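The next block holds one structure in the form of structure tokens; read it before the comments.
Numbering (the numbering used here), first residue to last: 18 to 123.
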């Protein structure tokens with residue numbers, strides 16, 4: 018059973034699992050509504066990976082709704098968010114195809 022799991026099932030499932038994980042990360046980055054109501058944010062720049070900050074989607078909302086004249090910056094932030102999501106989704110599709118083709122060759 019263990020050898021079937023490690024030699025057959027897991028190698029066949031890894032491409033789909035990784036592609037799903039990467040697409041899930043892209044979706045989490047893009048979610049806005051839940052962040053607006055549940056997350057706090059800090060108006061300062063984080064100094065380390067463990068400092069508090071705010072999500073880019075919440076930043077866009079804040080700029081467009083609460084900052085006078087912040088529309089240009091909100092649009093620029095939205096373009097960056099779209100580019101990041103496209104890169105994540107493209108990477109997920111590319112890696113999924115690569116690993117799927119590799120698993121078919123083996």
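All residues carry an ideal CB built from backbone N, CA and C; glycine is no exception. None of these values were measured; they are calculated from a predicted model.
Expected contact under 8 Å - CB spacing of residue 112 and residue 39 to nearest Å: Residue numbering aside, residue 112 sits at position 95 when the chain shown is read from its first letter. Residue numbering aside, residue 39 sits at position 22 when the chain shown is read from its first letter. Residue 112 to residue 39, Cβ: 7 Å. Contact.
Pairwise C-alpha distance: residue 20 and residue 109: Within the chain shown, the letter at position 92 stands for residue 109. Within the chain shown, the letter at position 3 stands for residue 20. Distance between the alpha carbons of residue 109 and residue 20 is about 28 Å.
Integer-rounded CB distance, given that residue 90 should sit under 8 Å from residue 43: One-based indexing of the chain shown puts residue 43 at position 26. One-based indexing of the chain shown puts residue 90 at position 73. Contact between residue 43 and residue 90 does not hold, since the beta-carbon distance rounds to 23 Å and is not under 8 Å.
Rounded distance between the beta-carbons of residue 94 and residue 103, thought under 8 Å: Here residue 103 is taken as the residue at index 86 of the chain shown, counted from 1. Here residue 94 is taken as the residue at index 77 of the chain shown, counted from 1. At roughly 15 Å, the Cβ-Cβ gap does not stay under 8 Å, so residue 103 and residue 94 are not in contact.
Closest by C-alpha distance to residue 72, when choosing among 45, 64 and 117: In the chain shown, the residue the question calls residue 72 occupies position 55. Comparing Cα-Cα distances from residue 72 to each of 45, 64 and 117, the minimum goes to 45.
Neighbour-count burial assignment, residue 36, 16 or more Cβ in a 10 Å radius: Mapped onto the chain shown, residue 36 falls at position 19. Here residue 36 is buried: its Cβ has 16 or more other Cβ atoms, across all protein chains shown, within 10 Å.
Contacts around residue 84, its chain only, beta-carbon distance under 6 Å, and the 5 residues preceding and following it disregarded: In the chain shown, the residue the question calls residue 84 occupies position 67. Closer than 6 Å at the Cβ level, and outside the excluded window around residue 84, lies no residue.
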